[in-house]
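**Student:**
In the numbering used here, the protein residues as written are 117 to 214.
1. Three or more C-beta pairs under 8 Å: does that hold for the region 127 to 137 against the region 154 to 166?
2. Counting along the chain, where does the beta strand (DSSP E) carrying residue 171 start and finish?
3. With distance defined between alpha-carbon atoms, name the residue in 120, 174, 128, 137 nearest to residue 166.
4. Just reading off the alpha helix (DSSP H) that residue 129 is part of, what are its end residues?
5. Could you check where the alpha helix (DSSP H) with residue 196 kicks off and where it finishes?
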C-alpha cells in the first residue's frame, strides 16, 4: 500500500500539468502499475494534493486532500441479552421435548 501511495504522489504532479491526451496515457500506465480501476485512478489523481481553502471565524483554513481510509461503522449489539437468555434456556427446552 505504501508503494501505491508513493507512486500516486509522484504521478499526480505530472498528471495535473499534462494535456487531455497525455492524461489518458498517464492513466493507462498508472492503472497497469497500481491495479486500480480506471475511474478510481482518475478520481485519485484529480483529488490527491488538492487544496481547499475556507474561512471560519475570520481565519483562513487550508485543507490538503489525501487518500482517506474509511472506518467501518461500529454497530451496537442489539440482541446480545436476548440471545444469551435464549441459548441458556435451550437445554431445558430439549429436556421437555425428550
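Ideal Cβ positions, reconstructed from N, Cα and C, are used throughout, including at glycine.
**Tutor:** To lay it out plainly:
1. yes
2. As a working mapping, residue 171 is identified with position 55 in the chain shown. Segment 167 to 172, the beta strand (DSSP E) holding residue 171.
3. Residue 166 sits at position 50 when you count from the first residue of the chain shown. Here the closest residue by C-alpha is 128.
4. Stepping through the chain shown from its first residue, residue 129 is reached at position 13. Residue range 118 to 133 is occupied by the alpha helix (DSSP H) that includes residue 129.
5. Position 80 of the chain shown holds residue 196. Residue 196 -> alpha helix (DSSP H) spans 196 to 213.
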